[in-house]
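Let me begin by presenting the structure, written as structure tokens, before commenting on it.
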Amino acid sequence: MPVDFLTTEQTESYGRFTGEPDELQLARYFHLDEADKEFIGKSRGDHNRLGIALQIGCVRFLGTFLTDMNHIPSGVRHFTARQLGIRDITVLAEYGQRENTRREHAALIRQHYQYREFAWPWTFRLTRLLYTRSWISNERPGLLFDLATGWLMQHRIILPGATTLTRLISEVREKATLRLWNKLALIPSAEQRSQLEMLLGPTDCSRLSLLESLKKGPVTISGPAFNEAIERWKTLNDFGLHAENLSTLPAVRLKNLARYAGMTSVFNIARMSPQKRMAVLVAFVLAWETLALDDALDVLDAMLAVIIRDARKIGQKKRLRSLKDLDKSALALASACSYLLKEETPDESIRAEVFSYIPRQKLAEIITLVREIARPSDDNFHEEMVEQYGRVRRFLPHLLNTVKFSSAPAGVTTLNACDYLSREFSSRRQFFDDAPTEIISRSWKRLVINKEKHREHEKPRGSHRMMPSTGVKITTIIS
Numbered sequence: 001m002p003v004d005f006l007t008t009e010q011t012e013s014y015g016r017f018t019g020e021p022d023e024l025q026l027a028r029y030f031h032l033d034e035a036d037k038e039f040i041g042k043s044r045g046d047h048n049r050l051g052i053a054l055q056i057g058c059v060r061f062l063g064t065f066l067t068d069m070n071h072i073p074s075g076v077r078h079f080t081a082r083q084l085g086i087r088d089i090t091v092l093a094e095y096g097q098r099e100n101t102r103r104e105h106a107a108l109i110r111q112h113y114q115y116r117e118f119a120w121p122w123t124f125r126l127t128r129l130l131y132t133r134s135w136i137s138n139e140r141p142g143l144l145f146d147l148a149t150g151w152l153m154q155h156r157i158i159l160p161g162a163t164t165l166t167r168l169i170s171e172v173r174e175k176a177t178l179r180l181w182n183k184l185a186l187i188p189s190a191e192q193r194s195q196l197e198m199l200l201g202p203t204d205c206s207r208l209s210l211l212e213s214l215k216k217g218p219v220t221i222s223g224p225a226f227n228e229a230i231e232r233w234k235t236l237n238d239f240g241l242h243a244e245n246l247s248t249l250p251a252v253r254l255k256n257l258a259r260y261a262g263m264t265s266v267f268n269i270a271r272m273s274p275q276k277r278m279a280v281l282v283a284f285v286l287a288w289e290t291l292a293l294d295d296a297l298d299v300l301d302a303m304l305a306v307i308i309r310d311a312r313k314i315g316q317k318k319r320l321r322s323l324k325d326l327d328k329s330a331l332a333l334a335s336a337c338s339y340l341l342k343e344e345t346p347d348e349s350i351r352a353e354v355f356s357y358i359p360r361q362k363l364a365e366i367i368t369l370v371r372e373i374a375r376p377s378d379d380n381f382h383e384e385m386v387e388q389y390g391r392v393r394r395f396l397p398h399l400l401n402t403v404k405f406s407s408a409p410a411g412v413t414t415l416n417a418c419d420y421l422s423r424e425f426s427s428r429r430q431f432f433d434d435a436p437t438e439i440i441s442r443s444w445k446r447l448v449i450n451k452e453k454h455r456e457h458e459k460p461r462g463s464h465r466m467m468p469s470t471g472v473k474i475t476t477i478i479s
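FYI, UniProt numbering numbers position 316 of the sequence shown as 316, with every residue one higher than the one before it.
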């Protein structure tokens with residue numbers, strides 16, 4: 001792990017002033033209360049009192065003591081001197097003449113204000129904090145450095161040298177990373193390790209490695225593309241790593257390691273140490289298995305959207321072509337019904353009156369035509385969607401026979417229908433007594449429910465399966 005990860009700003013601001021503190025910082029860190037003044041008053045001479053007061057403010061604000069008082073901004077010196085009633089701050093030059101005085105004052109401040117050196121048990125506690133953060137997340141070392149600095153100041157620990165902290169952070173991050181690699185490398189069995197190593201080799205029909213092939217997702221929306229996406233997921237699923245217990249491993253670290261595997265080349269992975277290489281391959285399979293299934297379902301969703309859109313276009317065209325016949329039939333029915341409203345026509349002669357205007361056979365044909373082309377208000381071109389069954393038949397059996405679905409309690413009905421279709425897609429039966437009907441929504445009932453109680457001997461169309469006992473037809477188009 002690199003040690004020199006600090007930015008220039010972090011290096012310059014560690015235990016040093018980078019400018020004049022603002023008013024809030026002066027009030028928070030350099031304000032002297034009565035207890036402070038009582039402690040400071042034990043020192044003799046204005047130069048000693050001003051010097052120890054500035055050291056108190058510096059250890060509060062910077063987390064450490066300064067050896068050169070000239071590095072303290074003038075605003076801080078004047079603010080502190082005013083609180084002590086010292087008008088001439090040039091006396092501070094006398095404070096730096098004796099090095100022993102600064103060391104003695106630093107020891108007095110540590111004892112009085114309970115500041116501690118960076119030693120046991122505080123080194124262990126900080127190491128434990130950094131290790132926990134490094135294990136559960138992938139934070140940059142610069143952020144961990146700022147975290148460690150803030151933690152030390154919060155617990156009144158005198159800041160160690162910058163290199164001491166950077167070295168500690170690098171060691172902790174390396175230990176956390178090695179632990180993750182070790183845990184991931186122990187997940188697969190010996191057989192699974194051999195299969196994972198084969199990811200780095202070329203495939204039978206391509207010069208690309210299997211790993212590179214699995215990285216590529218679907219780029220078109222079609223039945224064959226969906227089947228290829230399902231096969232991609234099945235290849236990853238067949239490694240058998242999805243069922244392993246990963247609850248003890250940090251999800252963020254796994255995600256980052258898998259992302260790295262997806263970005264780097266096969267040659268870089270092959271040159272890694274055996275433990276790291278196996279960890280990277282395991283993380284890749286675990287993450288890409290979920291991603292591959294998501295990609296396949298995205299293609300499915302897009303295909304169904306295209307099918308529904310095409311069905312609506314076909315339905316709208318049919319609707320436009322039939323409007324002329326519908327209008328003509330509606331006008332004829334309106335004229336026939338107008339005889340019912342004539343008061344002068346006796347009730348017993350209404351039928352004769354209507355049939356004199358429109359023959360009985362013609363009226364029956366008009367009624368049949370209206371029923372065929374008129375659509376209910378909740379119709380969403382379901383019949384046209386059923387006509388698209390041939391397109392669905394190309395990929396839906398492969399989906400249902402390959403992917404094992406689960407559901408929440410509210411989705412049990414849909415899950416039962418999917419399981420039923422998975423079993424019956426290869427069946428040659430035309431009539432089914434055990435077909436689930438709870439999934440049929442209200443808008444589909446007009447089309448799929450056969451209200452006649454007797455068996456129909458005609459072969460059902462496309463997406464329908466007929467049940468002899470209840471006269472129910474079910475659809476395989478997911479709406």
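From the three backbone atoms N, C-alpha and C, an ideal C-beta is built for every residue, glycine too.
Same chain only: Cβ atoms within 6 Å of residue i, ignoring 5 sequence neighbours per side
| i | result |
| --- | --- |
| Arg321 | none |
| Phe425 | Pro397 |
| Leu246 | none |
| Ala229 | Pro218, Asp295, Ala296 and Val299 |
Collapsed DSSP secondary structure at residue i in the structure displayed
| i | result |
| --- | --- |
| Ser222 | coil |
| Ile52 | helix |
| Ser209 | strand |
| Ile109 | helix |
| Arg455 | The predicted position of Arg455 is uncertain, since its pLDDT is 40 and thus under 50; no value can be drawn from it. |
| Pro202 | strand |
| Ile314 | helix |
| Arg253 | helix |
| Arg116 | strand |
| Ile136 | helix |
| residue 486 | In this structure the chain extends from 1 to 479, so residue 486 is not present and cannot be described. |
| Glu20 | coil |
| Asp294 | helix |
| Asp327 | helix |
| residue 480 | Since the displayed the chain opens at 1 and closes at 479, residue 480 lies outside it and no answer follows. |
| Glu438 | coil |
| Thr414 | helix |
| Leu340 | helix |
| Phe5 | coil |
| Asp419 | helix |
| Gly57 | helix |
Where the alpha helix (DSSP H) through residue i begins and ends
| i | result |
| --- | --- |
| Gln10 | Thr8 to Ser13 |
| Tyr389 | Tyr389 to Val392 |
| Thr177 | Ala162 to Ala185 |
| Ser74 | Ser74 to Leu84 |
| Leu37 | Residue 37 is actually Lys in this sequence, not Leu. Lys37 -> alpha helix (DSSP H) spans Glu34 to Ile40. |
| Ser356 | Ile350 to Tyr357 |
| Phe267 | Val266 to Ala270 |
| Gln195 | Ala190 to Glu197 |
| Leu363 | Arg360 to Ile373 |
Own chain, CB closer than 7 Å to residue i, minus 5 neighbours either side, in chain order
| i | result |
| --- | --- |
| Lys183 | Leu249 |
| residue 484 | Here the chain covers residues 1 to 479 and nothing more, so residue 484 does not appear. |
| Gly57 | Tyr29, Phe30, Val76 and Thr80 |
| Ala176 | Tyr131, Ser134 and Trp135 |
| Cys418 | Leu400 and Phe405 |
| residue 482 | Lying outside 1 to 479, the shown extent of the chain, residue 482 is not represented and no answer is given. |
| Asp301 | none |
Cβ neighbour criterion (16 or more within 10 Å) applied to residue i
| i | result |
| --- | --- |
| Thr166 | buried |
| Ile350 | exposed |
| Thr220 | exposed |
| Val76 | buried |
| Phe145 | buried |
| Trp181 | buried |
| Trp120 | exposed |
| Gln361 | exposed |
| Gly315 | buried |
| Ala283 | buried |
| Phe405 | exposed |
| Pro359 | exposed |
| Cys337 | exposed |
| Ser209 | buried |
| His47 | buried |
| Val280 | buried |
| Ala225 | buried |
heavy atom of the ligand NAD below 8 Å from residue i C-beta
| i | result |
| --- | --- |
| Asp327 | Inclusion of the ligand NAD in the displayed structure is not the case, the ligand content being empty and no account of it being possible. |
Contacting residues, own chain, Cβ-Cβ under 8 Å from residue i (five flanking each side not counted)
| i | result |
| --- | --- |
| Phe79 | Leu26 and Phe30 |
| Leu62 | Gly15, Arg16, Phe17 and Leu159 |
| Glu458 | Residue placement at Glu458 is poorly supported in this model, since its pLDDT is 38, which falls under 50; the coordinates still yield a value, given next. Around Glu458: no qualifying Cβ. |
| Arg207 | none |
| Val370 | Leu326, Ser329, Ala330 and Leu333 |
| Thr127 | Leu168 and Val172 |
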